[in-house]
Amino acid sequence: MTDAVRLELQGEIALITVNNPPVNALGHAVREGLLQAFQSAEADSQVRAVVLACEGSTFIAGADIKEFGKPPQAPSLPEVIEAIEGSTKPSVAVIHGTALGGGLEVALGCHYRIARKDAKVGLPEVKLGLLPGAGGTQRLPRLAGVEKALDMIVSGTPISAAEAVEHHIVDELFEGDLREAGLAYARRLVDEGRGPRRTGEQTQGLEGVDNEALIRAKHAEVAKRMPGLFSPLRCIAAVEAATKLPLAEGLKRERELFAECLNSPQRGALIHSFFSERQAGKINDLPADVKPRTINMAAVIGGGTMGVGIAMSFANAGVPVKLLEINDEALQRGLQRARDTYAASVKRGSLTEDTMEQRLALVEGVTDYAALAEADVVVEAVFEEMGVKQQVFEQLDAVCKPGAILASNTSSLDLDAIAAFTKRPEDVVGLHFFSPANVMRLLEVVRGEKTSNEVLATAMAIGKQLKKVSVVVGVCDGFVGNRMVFQYGREAEFLLEEGATPGQVDGALRNFGMAMGPFAMRDLSGLDIGQAIRKRQRATLPAHLDFPTVSDKLCAAGMLGQKTGAGYYRYEPGNRTPLENPELVPMLEAASQEKGIQRKALDEQYIVERCIFALVNEGAKILEEGIAQRSSDIDVIYLNGYGFPAFRGGPMFYADSVGLDTVLARVKELHARCGDWWKPAPLLEKLAAEGRTFTEWQAGQ
Ligand code: 3H9
Numbered sequence: 004m005t006d007a008v009r010l011e012l013q014g015e016i017a018l019i020t021v022n023n024p025p026v027n028a029l030g031h032a033v034r035e036g037l038l039q040a041f042q043s044a045e046a047d048s049q050v051r052a053v054v055l056a057c058e059g060s061t062f063i064a065g066a067d068i069k070e071f072g073k074p075p076q077a078p079s080l081p082e083v084i085e086a087i088e089g090s091t092k093p094s095v096a097v098i099h100g101t102a103l104g105g106g107l108e109v110a111l112g113c114h115y116r117i118a119r120k121d122a123k124v125g126l127p128e129v130k131l132g133l134l135p136g137a138g139g140t141q142r143l144p145r146l147a148g149v150e151k152a153l154d155m156i157v158s159g160t161p162i163s164a165a166e167a168v169e170h171h172i173v174d175e176l177f178e179g180d181l182r183e184a185g186l187a188y189a190r191r192l193v194d195e196g197r198g199p200r201r202t203g204e205q206t207q208g209l210e211g212v213d214n215e216a217l218i219r220a221k222h223a224e225v226a227k228r229m230p231g232l233f234s235p236l237r238c239i240a241a242v243e244a245a246t247k248l249p250l251a252e253g254l255k256r257e258r259e260l261f262a263e264c265l266n267s268p269q270r271g272a273l274i275h276s277f278f279s280e281r282q283a284g285k286i287n288d289l290p291a292d293v294k295p296r297t298i299n300m301a302a303v304i305g306g307g308t309m310g311v312g313i314a315m316s317f318a319n320a321g322v323p324v325k326l327l328e329i330n331d332e333a334l335q336r337g338l339q340r341a342r343d344t345y346a347a348s349v350k351r352g353s354l355t356e357d358t359m360e361q362r363l364a365l366v367e368g369v370t371d372y373a374a375l376a377e378a379d380v381v382v383e384a385v386f387e388e389m390g391v392k393q394q395v396f397e398q399l400d401a402v403c404k405p406g407a408i409l410a411s412n413t414s415s416l417d418l419d420a421i422a423a424f425t426k427r428p429e430d431v432v433g434l435h436f437f438s439p440a441n442v443m444r445l446l447e448v449v450r451g452e453k454t455s456n457e458v459l460a461t462a463m464a465i466g467k468q469l470k471k472v473s474v475v476v477g478v479c480d481g482f483v484g485n486r487m488v489f490q491y492g493r494e495a496e497f498l499l500e501e502g503a504t505p506g507q508v509d510g511a512l513r514n515f516g517m518a519m520g521p522f523a524m525r526d527l528s529g530l531d532i533g534q535a536i537r538k539r540q541r542a543t544l545p546a547h548l549d550f551p552t553v554s555d556k557l558c559a560a561g562m563l564g565q566k567t568g569a570g571y572y573r574y575e576p577g578n579r580t581p582l583e584n585p586e587l588v589p590m591l592e593a594a595s596q597e598k599g600i601q602r603k604a605l606d607e608q609y610i611v612e613r614c615i616f617a618l619v620n621e622g623a624k625i626l627e628e629g630i631a632q633r634s635s636d637i638d639v640i641y642l643n644g645y646g647f648p649a650f651r652g653g654p655m656f657y658a659d660s661v662g663l664d665t666v667l668a669r670v671k672e673l674h675a676r677c678g679d680w681w682k683p684a685p686l687l688e689k690l691a692a693e694g695r696t697f698t699e700w701q702a703g704q
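In our numbering, the protein residues as written are 4 to 704.
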């Protein structure tokens with residue numbers, strides 16, 4: 004046995020316990036330990052049944068992701084599961100927490116499964132660019148049917164224990180102690196004389212339905228909803244094998260398809276995304292003994308879209324929140340906005356009416372700053388103008404209790420200047436939510452020059468409480484996300500001057516994998532936002548740099564995007580589908596003419612490189628300035644806030660995979676042709692010269 008797996012005898016029952024914190028992943032020691040334990044139980048004539056349970060907070064959460072890409076070490080997981088399933092003594096898996104991936108596959112290898120009522124089971128491999136490679140694609144459809152198996156394997160979303168019972172994945176639910184429940188179930192098996200019931204030998208899930216039609220339908224769904232992804236189609240192919248081949252051949256086919264996924268670059272990118280998200284929560288220079296403050300009550304200033312979304316985020320997490328507006332009329336509008344948004348979720352079926360009422364009851368509207376005296380955190384979400392921020396923060400400083408965290412949701416203003424409006428700059432931090440704040444997962448936590456460690460730790464804890472992905476960033480214009488997107492959007496617009504249309508640019512970037520093109524995005528958020536930023540930036544813009552002009556022309560014509568029915572695109576009333584805007588054509592021609600540019604057709608790769616490498620070059624500057632802690636933090640921001648495709652790992656990881664020498668060569672060409680916006684970042688030059696990547700540089704920091 005290994006330290007990670009223990010075997011003990013409880014009368015006639017062998018109790019096997021896995022103990023491999025934090026999530027009992029199936030690393031080499033666990034696989035070896037499990038194989039030995041099951042083999043010992045099989046060989047021991049005293050043993051009549053076997054129980055498999057886990058220590059800690061969860062059942063096995065899957066293969067050890069850190070081992071992917073390294074040389075494989077025997078025994079492999081399929082071998083271990085084959086031994087478990089082949090055993091002549093009945094075995095029961097006792098599931099608590101989450102049985103995920105290889106963890107569920109081990110449980111499916113056992114002959115019976117019981118689960119604690121609050122447990123979840125799933126096969127999330129697809130989210131890592133993989134497919135279940137230890138029999139999951141062959142055994143799950145045999146139990147749950149092809150439709151459910153396809154849903155679980157292609158979406159990767161776990162299901163509740165109760166749903167797992169409904170679909171014959173789990174036999175019974177239990178409450179209370181794991182060992183007791185497992186031993187009691189095993190004794191019943193022995194008493195009732197029930198022997199092994201091997202999942203691989205079952206066929207009920209495969210019979211009586213038109214499996215080919217289900218597979219065709221899933222193909223169509225994947226083509227529509229997951230374009231560009233490598234592993235979902237392989238997931239379907241593996242499940243299809245289960246419907247056509249005997250178990251042994253199906254398992255072989257699964258292994259081949261798993262190997263294809265393992266070797267795909269998408270696997271590396273998606274696993275990078277997984278670990279980067281977890282790493283982002285760690286602050287390098289924060290002493291380990293810093294404890295976050297407790298948050299029992301929150302407040303939000305401003306009942307616009309952003310403020311209401313933030314207030315809803317607190318309410319969704321069960322935190323009472325006061326929403327402050329300047330007068331009753333504006334307040335009622337804000338409260339109604341919250342009610343309408345929740346009501347839309349009720350209508351869609353994603354929220355019950357009761358939950359809506361409970362959440363709304365947590366949001367209290369107020370118009371007097373004095374009502375904020377007891378709040379533990381106040382988030383300001385008012386108009387982006389320094390004078391307005393000053394008024395708000397001076398009032399907060401006057402009324403808030405000592406120790407309250409004063410947060411600004413500013414997306415681009417100087418947080419240190421905002422903090423200076425108070426006598427407690429150490430309590431001021433940026434909490435930059437993304438719109439709609441109740442939906443978007445990203446939270447940039449802006450660390451001001453004077454923000455205390457305790458306040459920073461609390462801000463990160465608030466992010467966790469609100470189920471956001473929080474990333475620490477430093478103070479600069481636009482922080483990380485918007486500072487980079489500014490470069491991206493500007494280059495997209497320069498492409499319009501060179502000869503492209505918004506549809507061509509958006510299409511090329513969507514084909515690259517972006518959730519939305521830059522122009523559709525701008526139309527959605529409103530062109531006036533960018534105009535206000537440009538106005539501020541023009542004041543300090545060096546003479547040799549200039550902005551593209553199409554957006555200004557649209558603003559001057561009152562075409563501010565969806566809200567005015569036209570922007571880069573035209574919209575029919577009540578419809579968000581972008582249509583060609585004929586009024587834009589003369590504006591594009593005028594913009595080109597003013598700069599003496601001969602409009603010409605642009606190819607897709609050029610469009611993508613021009614926009615994506617602009618992100619990378621700025622990202623490199625941000626890293627060098629220490630505005631982001633790590634290149635992977637920049638990736639997390641782009642994956643969670645800007646619709647960057649997870650299968651490319653984020654802009655910095657993508658640049659690493661293209662090769663920094665190639666990226667630099669393009670940046671230099673663009674610098675020579677387009678001017679100083681493209682000045683290569685010194686870090687990019689240095690790493691390209693050394694043949695290193697951003698990831699390697701980060702590891703050495
Ligand atoms: C698979 O199984 C393939 C097989 O089909 C075939 C094989 C042949 N490995 O998320 P958390 C670490 S593919 C290694 O913050 P939570 C994580 O990095 C796998 N490490 O906790 C973090 O480390 P650190 C299929 C792992 O409570 C720590 O554990 N399985 C793994 O919020 C805590 O993680 C999955 O995809 C792992 N498998 O959530 C499940 N999982 O403290 C992936 C976690 O150093 N895992 N770590 O930053 C999860 O979804 C969540 O971690 C879980 C817990 C829900 C389990």
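The C-beta atom is built at its ideal place from N, Cα and C for all residues, glycine as well.
Spatial distance of residue i from residue j (CA atoms)
i: L365; j: L338; result: 11 Å
i: E243; j: F62; result: 28 Å
i: S414; j: V431; result: 15 Å
i: K453; j: G481; result: 19 Å
i: L354; j: G139; result: 31 Å
i: A272; j: L544; result: 37 Å
i: E706; j: T160; result: Residue 706 lies beyond the stretch modelled for the chain, which goes from 4 to 704, so this question has no answer here.
i: T504; j: S438; result: 26 Å
i: A220; j: T580; result: 25 Å
i: A17; j: P249; result: 31 Å
i: V193; j: A52; result: 7 Å
i: C403; j: I286; result: 27 Å
i: I117; j: F71; result: 30 Å
i: E496; j: W681; result: 15 Å
Top-ranked residue by Cα proximity to residue i, from the options
i: G125; options: C113, I98, Y115; result: I98
i: F15; options: A44, H31, A7; result: Here the sequence assigns Glu to residue 15, which means Phe is not the residue at that position. Nearest C-alpha to E15: A44.
i: L131; options: E397, E447, N266; result: N266
i: C479; options: A420, A460, N514; result: A420
i: E628; options: G253, L687, L527, Q39; result: L687
i: I615; options: L80, G533, K603, D509; result: D509
i: P268; options: V380, A184, S234; result: S234
i: Q39; options: E252, S90, N514, G65; result: S90
i: G112; options: L143, A118, R119; result: L143
i: S411; options: E387, K426, A401; result: E387
i: G390; options: A407, L416, A440; result: L416
i: A226; options: I239, R200, R539; result: I239
i: E85; options: A251, T206, I630, V472; result: A251
Local conformation of residue i per DSSP, three classes
i: H171; result: coil
i: I421; result: helix
i: Y188; result: helix
i: F177; result: strand
i: Q701; result: helix
i: G484; result: helix
i: Q42; result: helix
i: R676; result: helix
i: Q205; result: coil
i: K123; result: strand
i: Q13; result: strand
i: Y115; result: strand
i: V95; result: strand
i: T140; result: helix
Chain D within 9 Å of residue i, Cβ atoms only
i: L181; result: Protein chain content of the structure displayed is limited to a single chain, and chain D is not contained in it.
Residues passing the C-beta test against the ligand 3H9 heavy atoms, cut-off 5 Å | Checking every Cβ against the heavy atoms of the ligand 3H9 under 5 Å gives P25, V26, A28, A64, G65, A66, D67, I68, L80, T101, L103, G104, G105, P127, E128, P135, G136, A137, R281.
Would you mind listing the alpha helix (DSSP H) stretches within the stretch 213 to 237 that are 4+ residues and don't spill past its ends, in chain order?
-> Entirely contained in the stretch 213 to 237, the alpha helix (DSSP H) runs reaching 4 residues are, in chain order, 214 to 228.
Could I get the ranges of all uninterrupted alpha helix (DSSP H) runs contained in the stretch 368 to 436, with 4 residues as the minimum, in chain order?
-> With a minimum length of 4 residues, the continuous alpha helix (DSSP H) runs that stay inside the stretch 368 to 436 are 389 to 402, 418 to 422.
Unbroken beta strand (DSSP E) runs of length 3 or more, entirely within the stretch 285 to 347: which are they?
-> Listed in chain order, the beta strand (DSSP E) elements of length 3 or more contained wholly in the stretch 285 to 347 are 301 to 304, 324 to 327.
Complete alpha helix (DSSP H) runs within the stretch 596 to 673 (minimum length 4 residues, chain order) = Inside the stretch 596 to 673, DSSP marks whole alpha helix (DSSP H) runs of 4 or more residues at positions 607 to 627, 634 to 644, 654 to 661, from first to last along the chain.
What are the complete beta strand (DSSP E) segments, minimum 3 residues, inside the stretch 437 to 513?
-> Fully enclosed beta strand (DSSP E) runs of 3 or longer: 445 to 450, 472 to 477.
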